Amino acid sequence: MSGARRASIGVALALALASGSASAEERRPLPRRIPAARVLFGAAIPSSSALPAGFAFDVGVGAQLTSRKDLGIWPELSYSLVDRGGRLDHLAGAGLGPVLRGRSSSIGALVKGLGGAVDRRAAGGVRLSLAFGAAAGLLSVEIASQWLRLADVGQGPDELHELRLSLGVDVMAVIAVFTGVSIVRAMRPTRPSPRRG
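To convert, note that position 18 of the sequence shown is 915 in our numbering; the numbers rise steadily by one, no gaps.
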């Protein structure tokens, strides 16, 4: 075999290997970053009668970062307000958990650390949430169990365990939907108005 023929075979093999690695890279799913700004309304139901149940309002800002098989992680920062008949609770939270996304639905679990005030007492604890998303993330249902340690033991119970039930809307998804509708309407050809006379 001549040297020129060997060189041509080597070049062909190198090109085949390069194209094979490129096609493998193309088949690899790219990470998806889906920002979310959730607004949730619901109820905070304590396990004891030491504190009354209240109306809960939550705001969460984060992103769902998914890659292979739509499985990924979900970081979120949140603020929670609970109105217990005029007595307000304020809690800030930061959490992380797994998320599994489909074409129009998702399910995710969040573990959050919490800190703030409950019934004018310093409080800190943990919230474990299970969230179900529908309509391409536009709507969500969240069920959560929350445990807090309260300061100033002499003023009431030193612990608070609550069940949280909430319905939510993703503001980012709402903006995406209305933006898409506006773009589609703008791209439609306009019909000429009929001439009179």
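Ideal Cβ placement from N, Cα and C applies to all residues, glycine included. All of these numbers come straight from a predicted model, not from anything done at the bench.
{"Query": "Taking Leu985 as the reference, give the member of Ala1019, Gly1034, Ser1001 with the closest Cα.", "Result": "Ala1019"}
{"Query": "In this structure, does DSSP put Ala1070 in helix, strand or coil?", "Result": "helix"}
{"Query": "Answer with buried or exposed for Lys966, where buried requires no fewer than 16 other C-beta atoms within 10 angstroms of its C-beta.", "Result": "exposed"}
{"Query": "Once you ignore the five residues that flank Thr963 on each side, which residues in its own chain have a CB closer than 6 Å to its CB?", "Result": "Arg929, Gly969, Arg998"}
{"Query": "Report yes if the C-beta distance between Asp1016 and Leu1060 is below 9 Å; otherwise report no.", "Result": "no"}
{"Query": "Report yes if the CB atom of Gln961 is closer than 9 Å to the CB atom of Ser1003, and no otherwise.", "Result": "yes"}
{"Query": "Classify Asp1055 as helix, strand or coil using the three-state DSSP reduction.", "Result": "coil"}
{"Query": "Going by beta carbon distance, what residues of the same chain come within less than 6 Å of Gly959, once the five residues before and after it are set aside?", "Result": "Ala933, Pro972, Glu973"}
{"Query": "Return the CA-CA distance between Ser975 and Gly1013, expressed in angstroms with no decimal places.", "Result": "12 Å"}
{"Query": "Take Lys1009 as the anchor and find which of Pro995, Arg1024, Arg1000, Leu988 has the nearest alpha-carbon.", "Result": "Arg1024"}
{"Query": "When you compare only the Cα positions, how much space is there between Val908 and Pro995?", "Result": "Confidence at Val908 is low in this model, with a pLDDT of 48, below 50, so its placement is unreliable and the value that follows should be read with caution. Cα to Cα, the separation comes out at about 46 Å."}
{"Query": "Among the residues of its own chain, which have a CB less than 6 Å from the CB of His1058, if the five just before and after it don't count?", "Result": "Ser944, Trp1044"}
{"Query": "At which residues does the beta strand (DSSP E) containing Gly1005 begin and terminate?", "Result": "1003 to 1015"}
{"Query": "With a threshold of 6 Å on Cβ separation, who are the neighbours of Ala1041 within its own chain once the five nearest residues in sequence on each side are excluded?", "Result": "Arg1024, Ser1026, Arg1061"}
{"Query": "When you compare the CB positions of Asp980 and Gly1065, do they come within less than 9 Å of one another, or not?", "Result": "no"}
{"Query": "On the CB-based measure, 16 or more other CB atoms within 10 Å of its CB, does Ala947 come out buried or exposed?", "Result": "exposed"}
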